[in-house]
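**Student:** Residue numbers (the numbering used here): 1 to 522.
For glycine and all other residues, C-beta sits at the position ideal for the given N, C-alpha and C.
One structure, pasted below without further comment.
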């Protein structure tokens, strides 16, 4: 299986943020020598891989900043204060200086800077010709749009930067209105749709690594998601929803994806018959995947994923190593359990829903000690293990076909492209796969609960609540349930609209005093 990766020194050199873990003896590049690197089509292909490589840490951040903020998890540390505690507890004072929040801002802009560099060099350099040039432009614009969609959903207003800039120039650009951020996302994704292929075939530069590259279908799906997000309520805050009522635009794109036919198989999409198999490391790039982040175990911890060690306690792996005689070199660490909420595990899921067993591990035993708290196991398959906790070779799915069907149902529930009855029918194959009976009608609330079960552990729940308008009512009702009765004594804070967005990180406020205004509530 061929995947997209590059040496770390090139990836680091394309941006001004972040550091390099390893020098893999790629051509060294400084800001002044970037144009000297882009001499051949192979150079551009390597640089495009650098843009993809910038997404490597996305899943780790999402489980903390999306899943952990929702009613799906409650994971306050039991052995002292951890960086994820204030995220879980909506602690306004601590979130401003939280490293996860700061990393989300910096990493997304690192991705944007790499994409901007790629686009600028494509415009200035004639090394890439023919159909490859517009395709690279489409890939870079898709990834830039992906980063900006992540930013606007987390922070609301952010600086809009669409060309390479030096740090001194960046320090003069204020936060743009949310509408301006969406305008760039929309333009980038429309441009990507117009030039990206439905699938990758052939051989040669840029074609041998087709698995994992973004396609026309991925761009359409992401644009549909953007329209749904933008159409969500504004909650009286500045983003991410603008109540723009663009469900018709989302619906049209979703229809194109659902009605798609073609060969090879990757040109069309279909549901996998076995739910757990969607996430298996031996079934990657299957018919359900529109876009995923690719990983490979290379023994250095530089191209693999650490997501499987963010959601799973080390003691679980220790137990596996003992009982199954498995070589798990990272099993002796101290990563704690991050429990799934009782509300998801025992209330939302029914006993006949097969997705529960595929998604949640009901505790574990290690060295004769049993911990009964449930945690996510959806992506945990030792077939994908590497040589360290940061070296798993399992891909992380960002957008899959079930989501396309459910977003279509979301439009239908809102009266666009169908009715509540057709929306319910849309879910029938999904529910059948889960061992559940068909529904005859559907409400927005019922749909969001169905999405909750389908995508549990995939870090979609928080954004689903936000765009549906259910974030405040759902989270505060859950907080009351999860807090009581004793002896739980959990600190689950009721939240207000001002805490729905994350704060601008303090490090960004301090780097250019007076340039950014802080989000309300912080």
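Label residue 325 either buried or exposed according to how many other C-beta atoms from any shown protein chain fall within 10 Å of its C-beta, with 16 as the threshold for buried.
**Tutor:** Residue numbering aside, residue 325 sits at position 325 when the chain shown is read from its first letter. At residue 325, the pLDDT of 48 sits below 50, so the modelled position is not reliable; the number obtained from the coordinates is stated separately. Counting Cβ neighbours within 10 Å, residue 325 comes out exposed, since fewer than 16 surround it.
**Student:** Ignoring anything shorter than 3 residues, give me the beta strand (DSSP E) runs that lie fully in the stretch 247–328, in order along the chain.
**Tutor:** Entirely contained in the stretch 247–328, the beta strand (DSSP E) runs reaching 3 residues are, in chain order, 289–293.
**Student:** Hey, quick one: how far does the alpha helix (DSSP H) through residue 234 stretch, first residue to last?
**Tutor:** Indexing the chain shown from 1 puts residue 234 at position 234. Neither: residue 234 is in no alpha helix (DSSP H) and is coded neither H nor E.
**Student:** With a threshold of 7 Å on Cβ separation, who are the neighbours of residue 133 within its own chain once the five nearest residues in sequence on each side are excluded?
**Tutor:** Taking the chain shown and counting its residues from 1, one reaches residue 133 at position 133. Counting only Cβ-Cβ distances below 7 Å, and skipping sequence neighbours, we find 122.
**Student:** If we call anything under 8 Å between Cβ atoms a contact, is residue 409 one with residue 426?
**Tutor:** For this step, residue 409 is matched to residue 409 along the chain shown. For this step, residue 426 is matched to residue 426 along the chain shown. Contact: yes.
**Student:** Taking 8 Å as the limit between beta carbons, can you name the residues of its chain near residue 40, skipping five residues before and five after?
**Tutor:** Looking up residue 40 in the chain shown gives position 40. Excluding residues within five positions, the ones whose Cβ falls inside 8 Å are 127.
**Student:** Taking the alpha carbon of residue 160 as the point to measure from, which residue in 105, 498 and 308 has its own alpha carbon closest?
**Tutor:** Here residue 160 corresponds to residue number 160 of the chain shown, with the count starting at 1. The shortest C-alpha separation from residue 160 is found at 105.
**Student:** Excluding sequence positions up to five away, which residues of its chain have a Cβ less than 6 Å from the Cβ of residue 31?
**Tutor:** Position 31 of the chain shown, counted from the start, is the residue given in the question as residue 31. Residue confidence is low: residue 31 scores 40 on pLDDT, short of 50, so the model does not pin down where it sits. Its coordinate-derived value is still stated next. Taken in chain order, the list of residues that qualify is empty.
**Student:** Any contact between the stretch 353–364 and the stretch 286–302? By contact I mean 3 or more CB pairs, one from each, below 8 Å.
**Tutor:** No contact exists between the stretch 353–364 and the stretch 286–302.
**Student:** Relative to the C-alpha of residue 111, which residue among 145, 91 and 120 is closest?
**Tutor:** Walking along the chain shown from the start, residue 111 turns up at place 111. Nearest option by C-alpha distance: 145.
**Student:** I believe residue 494 touches residue 476 by the beta-carbon criterion, under 8 Å. Please report the beta-carbon distance rounded to the nearest angstrom.
**Tutor:** Translated into positions along the chain shown, residue 494 becomes position 494. Translated into positions along the chain shown, residue 476 becomes position 476. With a Cβ gap of about 5 Å, residue 494 and residue 476 count as contacting.
**Student:** Determine the extent of the alpha helix (DSSP H) in which residue 519 is found, giving its start and end residues.
**Tutor:** Indexing the chain shown from 1 puts residue 519 at position 519. Premise fails: residue 519 is in no alpha helix (DSSP H) and is neither H nor E.
**Student:** How is residue 391 classed by DSSP in three states: helix, strand or coil?
**Tutor:** For this step, residue 391 is matched to residue 391 along the chain shown. Correct three-state label for residue 391: coil.
**Student:** Inspect the beta-carbon positions of residue 525 and residue 210 and report whether they are closer than 8 Å.
**Tutor:** A query on residue 525 cannot be resolved here, the shown segment of the chain reaching from 1 to 522 and no further.
**Student:** Would you mind listing the alpha helix (DSSP H) stretches within the stretch 342–369 that are 4+ residues and don't spill past its ends, in chain order?
**Tutor:** Listed in chain order, the complete alpha helix (DSSP H) runs (minimum 4 residues) inside the stretch 342–369 are 354–359.
**Student:** Can you look up residue 453 in the DSSP assignment and give me helix, strand or coil?
**Tutor:** In the chain shown, counting from the first residue as 1, residue 453 sits at position 453. Residue state, collapsed to three classes: helix.
**Student:** Just to confirm the assignment, what range does the alpha helix (DSSP H) spanning residue 379 have?
**Tutor:** Here residue 379 refers to the residue found at position 379 of the chain shown. Neither: residue 379 is in no alpha helix (DSSP H) and is coded neither H nor E.
**Student:** Applying the 10 Å Cβ sphere with the 16-neighbour rule, what's the burial state of residue 193?
**Tutor:** Here residue 193 is taken as the residue at index 193 of the chain shown, counted from 1. So residue 193 counts as buried.
**Student:** Between the Cα of residue 244 and those of 168, 253, 234 and 252, spot the shortest distance and give me the residue it belongs to.
**Tutor:** Along the chain shown, one-based indexing puts residue 244 at 244. Ranking 168, 253, 234 and 252 by Cα distance to residue 244 puts 234 first.
**Student:** According to DSSP, which residues form a beta bridge with residue 375?
**Tutor:** The residue labelled residue 375 in the question sits at position 375 within the chain shown. DSSP, once it has assigned bridges, lists 361 as partnering residue 375.
**Student:** From which residue to which residue does the alpha helix (DSSP H) around residue 189 run?
**Tutor:** Working through the chain shown from its first residue, we reach residue 189 at position 189. Run containing residue 189: 178–195, per the alpha helix (DSSP H) assignment.
**Student:** I'd like to know whether the C-beta atoms of residue 395 and residue 295 end up nearer to each other than 8 Å.
**Tutor:** The count along the chain shown starts at 1 and reaches residue 395 at position 395. The count along the chain shown starts at 1 and reaches residue 295 at position 295. Yes.
**Student:** Where do the ends of the beta strand (DSSP E) carrying residue 400 lie?
**Tutor:** Position 400 of the chain shown, counted from the first residue, corresponds to residue 400. From DSSP, the beta strand (DSSP E) with residue 400 extends over 396–400.
**Student:** At what residues does the alpha helix (DSSP H) containing residue 73 begin and finish?
**Tutor:** One-based indexing of the chain shown puts residue 73 at position 73. Where residue 73 is concerned, there is no enclosing alpha helix (DSSP H), given that its DSSP letter is neither H nor E.
**Student:** Just mark residue 130 as buried or exposed, buried being the case when its beta carbon has 16 or more other beta carbons within 10 Å.
**Tutor:** Mapped onto the chain shown, residue 130 falls at position 130. With fewer than 16 other Cβ atoms within 10 Å, it is exposed.
**Student:** Could you tell me the alpha carbon to alpha carbon distance between residue 237 and residue 196, rounded to whole angstroms?
**Tutor:** Counting from one through the chain shown, the residue named residue 237 turns up at place 237. Counting from one through the chain shown, the residue named residue 196 turns up at place 196. Spanning the two alpha carbons is a distance of roughly 35 Å.
**Student:** Does residue 548 come out as helix, strand or coil in the three-state DSSP assignment?
**Tutor:** Since the first residue of the chain shown is 1 and the last is 522, residue 548 is not available in this structure.
**Student:** Under 8 Å: do the stretch 334–352 and the stretch 299–319 share three or more Cβ pairs, one atom per stretch?
**Tutor:** Verdict: yes, contact present.
**Student:** What is the DSSP secondary structure of residue 143, counted as helix, strand or coil?
**Tutor:** As a working mapping, residue 143 is identified with position 143 in the chain shown. It is helical.
**Student:** Using CA atoms only, rank isn't needed, just tell me which of 255, 154 and 212 is closest to residue 240.
**Tutor:** Translated into positions along the chain shown, residue 240 becomes position 240. For the residues 255, 154 and 212, the minimum Cα distance to residue 240 belongs to 154.
**Student:** So, for residue 499: in the same chain, excluding its five sequence neighbours on each side, which residues have a beta-carbon less than 7 Å away from its beta-carbon?
**Tutor:** Locating residue 499 in the chain shown gives position 499, where the first residue counts as 1. Taken in chain order, the residues that qualify are 90, 92 and 521.
**Student:** With a threshold of 16 other CB atoms inside 10 Å of the CB of residue 437, please say whether the residue is buried or exposed.
**Tutor:** Looking up residue 437 in the chain shown gives position 437. Its Cβ having fewer than 16 others within 10 Å, residue 437 is exposed.
**Student:** For the candidate residues 299, 285 and 300, whose alpha-carbon lies nearest to that of residue 293?
**Tutor:** For the purposes of this step, residue 293 is taken as residue 293 along the chain shown, with counting starting at 1. For residue 293, the nearest C-alpha among the options comes from 285.
**Student:** Go ahead and pull the three-state DSSP assignment for residue 340.
**Tutor:** For the purposes of this step, residue 340 is identified with residue 340 of the chain shown, where counting begins at 1. Correct three-state label for residue 340: strand.
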